[in-house]
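J.: The structure that follows is given in the form of structure tokens.
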Amino acid sequence: MMNRRRFVQLGLSALVLSGPLAGCTRLHAERDRPQRFLSAADDANGQHLITLADHQGHVLARVPVAERCHGGCVRPGSAQVAVFARRPGRELYILDGREGALLHQLSSGDKHHFYGHGVFSEDGQYLYATANHFNDGQGQVRVYDARQQYQWVADFPVGGMDPHELRLHPDGNTLVIAMGGILTHPDYDRIKLNIDSMRPALVLMNRQTGEIEQRHEPSHHQLSCHHLDISPEGVVIAGYQFEGPEWERPPLIARLDTRSGLFSEVALPAEALAAMNNYVASVAVSTRGPLAAITAPRGNRVVLINYLSGEYVADIHLPDAAGVLPAPQEGFVVTSGLGGIYLLDEQKYTATLLNPEELHWDNHLTALES
């Protein structure tokens, strides 16, 4: 078993050889304009699935699994896709993204559970997964070596609780982590144990060393920061889930320019903010222009903002809007937790049903390489 010190030494050596911007263009080219995507879903009988579909709404494959899954990530240069169990699940599934075949199934390890998200290094060697060390409730990024059958190699503390979605920065070296700040324990399923004292944050971590390089906290300690995406320019858009009184209307979208370190929260029209019902499920930024789409399933809304300026653009009604990805030509593909795959028109601000497939889609879509 490789210890953390040895992992850091190897990582720093690789950084010197490759340089901080190696592969940056390739990373965003792979994410842009997906022809197919993967998502967790449940069918009408309650069977948990990992599902492959295309941007026209056709379901291509269904892989039955024992527990509900959440987010996924593609291994660069490979057909492999990692899919994580939903909190407090402990399973990690490795699939062939071309055929939908299950290749490996791994566990989070003793006294850990996953938070449903992960991301690969640009060279595809390391998989970084957010996890809870539930003995002390502290969040970690667990590191796995994909070239060694996904052997666990290191843990990096995130400096708080409930790390959730994470992305790789365009520099190839920085992990951007949404940290919800909520204490949970698998003995209590999904019950939130520290609502009065939670400390959410948006964190930037050096993936080679585990060093925290930036930490930004929301304007209210009960704004749980769970989901995010990052633009080619290094602008992060993050979504909150408010754990305070339901009648309050705090901001629900954060913006971080990682180049300057400027952190702010997006002002929405009062009607649009109220319609989101204090809950963001998923965030996707377009690589064709400065649009970001934010889904709010409890409010049946998708909100569009200009991620460069931080300005509100529009909000579109879409029932139980769940997962979202940029569409191949323009607009966004959005799934519904009630069933159906939609195409959102970014010019007309309308949503068109592509396929009324009766699957209960989860909140995240993963773009697959063509």
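By my numbering, the letter at position 66 of the sequence shown is numbered 170, and the numbering carries on one by one without gaps. Ideal Cβ positions, reconstructed from N, Cα and C, are used throughout, including at glycine.
#1: Tell me the residue span of the beta strand (DSSP E) that contains alanine 342.
#2: Report, in whole angstroms, the separation of the C-beta atoms of proline 349 and leucine 327, which I expect to be a contact under 8 Å.
#3: Taking the alpha helix (DSSP H) that leucine 377 falls in, what are its first and last residues?
#4: Grouping DSSP H, G and I as helix and E and B as strand, with all else coil, what is histidine 132?
#5: Is the beta carbon of valine 169 sitting closer than 8 Å to the one on glycine 201?
#6: According to DSSP, simplified to helix, strand and coil, what is proline 267?
#7: Closest to valine 437 by C-alpha separation, out of Asn410, Ile398, Tyr411, Arg166, would be which residue?
#8: Would you identify the three-state DSSP class for arginine 392, choosing helix, strand or coil?
#9: Exposed or buried, what is proline 373 when buried is set at 16 or more other beta-carbons lying within 10 Å of its beta-carbon?
#10: Sort Cys173, Ala157, Asp158, Gln160 by Cα distance to glutamine 151 and report the nearest one.
#11: Which residues in the same chain have their Cβ closer than 6 Å to the Cβ of arginine 255, if we skip the five residues on either side of it in sequence?
#12: Are alanine 431 and leucine 447 touching if we call contact CB-CB under 8 Å?
#13: Provide the residue span of the beta strand (DSSP E) that contains phenylalanine 141, from first to last.
#14: Spell out the partners DSSP gives phenylalanine 238 in its beta bridges.
#15: When DSSP builds the beta bridges, which residues end up paired with threonine 313?
#16: Flag this pair as yes or no: are the beta carbons of leucine 332 and arginine 271 separated by less than 8 Å?
T.: Judging by the given coordinates:
#1: 339-346
#2: The pair is not a contact, with the Cβ atoms about 13 Å apart (cut-off 8 Å).
#3: 374-379
#4: Note that histidine 132 scores a pLDDT of 44, beneath 50, so its modelled location is shaky; the value from the coordinates is reported in the next line. Reduced to three states, the DSSP call for histidine 132 is helix.
#5: no
#6: strand
#7: Ile398
#8: Arginine 392 sits in coil when the DSSP states are folded into three classes, being neither helix nor strand.
#9: Within 10 angstroms of the beta-carbon of proline 373 lie fewer than 16 other beta-carbons, which makes it exposed.
#10: Cys173
#11: Per the sequence presented here, residue 255 reads as glutamine, with arginine not at that position. Closer than 6 Å at the Cβ level, and outside the excluded window around glutamine 255, lie Asp249.
#12: In this structure, leucine 447 lies closer than 8 Å to alanine 431 by Cβ.
#13: 140-146
#14: For phenylalanine 238, which the question treats as bridged, DSSP gives no partner whatsoever.
#15: Bridge partners of threonine 313: none, in fact.
#16: yes
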